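Participant:
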Amino acid sequence: MTVAVETGLWQLDPARTSVAIKHKTMWGMVTVKGTFSGVAGEGEVQPDGTARGTITLDVASLDTKNAKRDKHLRSADLFDADRHPTITFAVRDAVLGQDDTVEINGQLTVRGISRPQPVTGRVTGASADTVTLTAEFTVDRDQFDMGWNQMGMIRGLTTVTGTLVFSRAKG
Numbered sequence: 001m002t003v004a005v006e007t008g009l010w011q012l013d014p015a016r017t018s019v020a021i022k023h024k025t026m027w028g029m030v031t032v033k034g035t036f037s038g039v040a041g042e043g044e045v046q047p048d049g050t051a052r053g054t055i056t057l058d059v060a061s062l063d064t065k066n067a068k069r070d071k072h073l074r075s076a077d078l079f080d081a082d083r084h085p086t087i088t089f090a091v092r093d094a095v096l097g098q099d100d101t102v103e104i105n106g107q108l109t110v111r112g113i114s115r116p117q118p119v120t121g122r123v124t125g126a127s128a129d130t131v132t133l134t135a136e137f138t139v140d141r142d143q144f145d146m147g148w149n150q151m152g153m154i155r156g157l158t159t160v161t162g163t164l165v166f167s168r169a170k171g
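Read in the UniProt record's numbering, the sequence shown has 15 at position 15, and its numbers run on one by one without any break.
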């Protein structure tokens, strides 16, 4: 199956979108999972089929089902939400490939630090009015000055997963 996505402006549907993270902690024995409820974004599909856009996450909306941990994640030790309330992923170029894969050349900004972040996604649904894109990638939190690691408890990479639903922008 190869999909065609209509050219034009697309708006992220936050009610139907999910962005989650998971990371091993407690010396690799526990996987902490969290979701961002504050998600916004938009994109534009160009006439040549490539796309650009931005996804923004509200750091304060991260919920790991543990209020004390969430407060620490928002602190200056980690996300520093007071100084950097959002995480952004700017899509510089996205190209639809074989088998509905999408090669995304993006830039991830966390704590005011921007790094290139390539992502391979997949179009899992498309119609004239909606497009669903799923993706999973890993992030090294040390690249974003998030090196807090009491007693060496936190190891490895953070996995980010997203199911992003876009609706054709009205107008």
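We put the beta carbon where it would ideally sit given N, CA and C, even for glycine. All values derive from a computational prediction rather than experimental measurement.
#1: Name the two residues that bound the continuous alpha helix (DSSP H) containing ASP70.
#2: So, at 7 Å on beta carbons, what are the nonlocal neighbours of MET1 in its own chain, with the 5 sequence-adjacent residues on each side left out?
#3: On the DSSP letters alone, give me the boundaries of the beta strand (DSSP E) that ARG168 sits inside.
#4: Determine the contact status of ARG122 and THR134, defining contact as a CB-CB distance below 7 Å.
#5: Could you check how far apart the C-beta atoms of THR50 and ALA94 are, in whole angstroms? I think they sit under 8 Å.
#6: Please work out which residues of its chain come closer than 6 Å, Cβ to Cβ, to PHE144, disregarding the five sequence neighbours upstream and downstream, and give them in chain order.
#7: Roughly how many angstroms lie between the CA atoms of THR120 and THR88, to the nearest whole one?
Facilitator: Taking the definition as stated:
#1: Taken as a continuous stretch (DSSP letters only), the alpha helix (DSSP H) holding ASP70 covers 67-74.
#2: Its pLDDT being 41, under 50, MET1 is placed unreliably in this model, and the value from its coordinates should be taken loosely. Excluding residues within five positions, the ones whose Cβ falls inside 7 Å are ASP100.
#3: 158-168
#4: yes
#5: 6 Å
#6: VAL110, ARG111 and ILE113
#7: 17 Å
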